[in-house]
Amino acid sequence: MDPDGTAAYSGSMYTLRTVSSAAFWLFIDRASSHSRHTVGYQQTPEWATARGASWDPELLGWFDAEGVMRAGAVIRYRKLPGLDRRFAFVPQGPVADWSAHDIDDLLTPLKSYLTSRRVFAVRITPPISIRQWNASTIRTGLSIPDITRLSDLPPDRLQHSSGDLVSSLTSLGWRRAPNDAATESSQPRFNFWLDLAGGDEDAVLASMTKSWRKNIRKSERAGVEVTFGTRGDLADVHRLYAQTAQRNGFSPQPMEYFETMWSCLSEGFPGHFSLHLARHEGSAIAASGTAQVGARAQGVFAATGTERPQAKPSNAVYWAIVRQAIADGAEVFDIGGVDDTLDESDAASGLVRFKADMGADAHEYIGAWDLPIEPLLYAAFTRLLLAYTGASSVLRDGMRTVRRSPALLRVPQLNARTKPPAHESAETRSS
102 MDPDGTAAYS GSMYTLRTVS SAAFWLFIDR ASSHSRHTVG YQQTPEWATA RGASWDPELL
162 GWFDAEGVMR AGAVIRYRKL PGLDRRFAFV PQGPVADWSA HDIDDLLTPL KSYLTSRRVF
222 AVRITPPISI RQWNASTIRT GLSIPDITRL SDLPPDRLQH SSGDLVSSLT SLGWRRAPND
282 AATESSQPRF NFWLDLAGGD EDAVLASMTK SWRKNIRKSE RAGVEVTFGT RGDLADVHRL
342 YAQTAQRNGF SPQPMEYFET MWSCLSEGFP GHFSLHLARH EGSAIAASGT AQVGARAQGV
402 FAATGTERPQ AKPSNAVYWA IVRQAIADGA EVFDIGGVDD TLDESDAASG LVRFKADMGA
462 DAHEYIGAWD LPIEPLLYAA FTRLLLAYTG ASSVLRDGMR TVRRSPALLR VPQLNARTKP
522 PAHESAETRS S
């Protein structure tokens, strides 16, 4: 412990210790200017507070010998019921210039620090691209019957340094996280980024397909109006989100989720947060929340109702977000993840088409990586995740399934003999 009572660990190159929100934001501002477009809202103190009902958050800094913070992480902890052990999760982080650091120097002291915090495993999900596809390449791929997955489409660019990072993670004992639906939903591997063309709205419009631009005009002719939302609009937002969840087969977040999000991101948030609502004849028919840190604007959630789809409210909302992001100085708009599909018979390919037609490029991230600090407990834990259809069903509030069978986490082998309860997603796609 430091003299001030904060947790600390001194490694060979860095000292790790907890930091204040103000100190963490000073680091974020600096990191955003050097490692552009890689810092997201999930690595902010405010989002840590927003998710504090479900996780115990900690702000952690890596300090060099001169006392300069060189890397940072918002870490979420979840205690396993009946055991004095915790799972640690670093969403969209740690925040670091991965190309400038020796990975061993970054991650080995993290392991030691977390071991002292009684953590049995840690998961990281840095938003680092390993392959990229231009929007035009994606559109072409959608028309090729023999290519049904985005991962099978030859990329336009390869990031060889990211491949080296994957090799380094493997050599240090990290492994790819189990491929469960909940992890993919909350931390998607395939994401679309829209280049905001240096703030030139006409250039952004030109990157869109003719049909996408036509739908913007169609929404205007239909009388769709997009305005900024307020706390008083959250009931409409929740209604639209529930309709979206029902239509797409996932469990919606409760109203409290949106109220907490509003309180944490719209009141005193050092970045930018905006809520856009599309209305038609006075009725809210689409909504989207967007957070911006540095030069990266990022979708937090999107919802579309079941009424008046012919008015193209989604096109109207996204165009309004693009214009606002440009006004706020953003350089890229991260419009979120998609499934690994190019099969036009798959309903999920519609979202791929929508984002590619918008002019956004696709990025494949290196994905979620786990470090088992206590391998036997980790093995039991991951088997439980797979048995109960995903991390969110185990790591959500209350952890009801585990409480019913705490002994399952005390053995390295599990045998699920009964059908698991219905899965409830604890995260939105961009949470």
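102 is the number of the first residue of the sequence shown in the numbering used here; add one for each residue after it. Glycine residues also receive a C-beta, built at the ideal position from the N, C-alpha and C atoms.
- Counting along the chain, Ile-129 sits inside the alpha helix (DSSP H) bounded by residues 122-135.
- Unbroken beta strand (DSSP E) stretches of 3 residues or longer found wholly inside the stretch 270-329: 291-296 and 326-329, given in chain order.
- Secondary structure within the stretch 155-220: the alpha helix (DSSP H) runs of 4 or more consecutive residues, fully enclosed, are 204-217 (chain order).
- By the C-beta density criterion, Arg-224 is buried, having at least 16 other C-beta atoms within 10 angstroms.
- Shown here, Thr-249 sits in coil according to DSSP, grouped into three states, outside any helix or strand.
- For the pair Thr-310 and Phe-164, the Cα-to-Cα distance works out to about 47 Å.
- Taking the Cβ atoms as the reference, Thr-119 lies roughly 21 Å from Val-394, outside the contact range of under 8 Å.
- For Gly-451, the uninterrupted alpha helix (DSSP H) run begins and ends at 450-458, by DSSP.
- Where Glu-465 is concerned, the enclosing beta strand (DSSP E) starts and stops at 462-466.
- Distance from the CA of Pro-192 to the CA of Glu-432, rounded to the nearest whole angstrom, comes to 22 Å.
- Of the candidates Glu-382, Gly-372 and Ser-252, Ser-252 places its Cα closest to the Cα of Arg-290.
- Between the stretch 270-277 and the stretch 356-376, the count of C-beta pairs closer than 8 Å stays below three; the two stretches do not touch.
- Judged by DSSP secondary structure, Ile-229 falls outside any alpha helix (DSSP H); it is assigned neither H nor E.
- Taken atom to atom, the span from the alpha-carbon of Glu-445 to that of Ile-436 is near 20 Å.
- Judged by beta-carbon spacing, Gly-173 lies beyond the 9 Å limit of Leu-181, meaning their Cβ atoms are not closer than that value.
- Excluding sequence positions up to five before and after Asn-316, its CB lies within less than 6 Å of the CB of Lys-413 and Asn-416, all in the same chain and listed in chain order.
- Assigned with DSSP and collapsed to three states, Asp-334 falls in helix.
- Beta-bridge pairing by DSSP links Pro-473 to Ala-222.
- If you check the CB distance, Phe-434 and Trp-294 come in under 9 Å.
- Looking at the backbone, the Cα of Arg-322 and that of Gly-383 are separated by about 15 Å.
- A direct Cα-Cα distance of roughly 16 Å separates Met-356 from Leu-366.
- Between Leu-443 and Ile-248 a beta carbon distance of about 6 Å is seen, short of the 8 Å cut, so the two are scored as contacting.
- Its chain contains Met-356 and Phe-359 as the residues whose beta carbon lies nearer than 6 Å to that of His-339, once the 5 sequence neighbours on both sides are disregarded; these appear in chain order.
- In this structure, Thr-226 lies near Tyr-466, with their beta-carbon atoms less than 9 Å apart.
- Taken in chain order, the complete beta strand (DSSP E) segments of 3 residues or longer contained in the stretch 325-408 are 326-329, 373-381, 384-394 and 397-405.
- By DSSP's assignment, Asp-435 forms a beta bridge with Trp-294 and Gln-399.
- For Leu-443, no alpha helix (DSSP H) encloses it, and the DSSP letter there is neither H nor E.
- Relative to the Cα of Ala-123, the nearest Cα in the group Gly-369, Tyr-342 and His-202 belongs to Gly-369.
- For Ile-245, the closest alpha carbon among the candidates Ser-450, Phe-482 and Arg-187 is that of Ser-450.
- Taken through DSSP and simplified to helix, strand or coil, Arg-152 comes out as coil.
- Only buried fits Val-305, as 16 or more other CB atoms lie within 10 angstroms of its CB.
- For Thr-241, the enclosing alpha helix (DSSP H) covers residues 236-243.
- Here Phe-482 is buried, its C-beta having at least 16 other C-beta atoms within 10 Å.
- Of the candidates His-381, Asn-280, Thr-116 and Gly-430, Gly-430 places its Cα closest to the Cα of Ser-133.
- In the three-state scheme derived from DSSP, where H, G and I count as helix and E and B as strand, Thr-139 is classed as coil.
- Note on geometry: alpha-carbon atoms of Tyr-142 and Gly-324 lie some 33 Å from one another.
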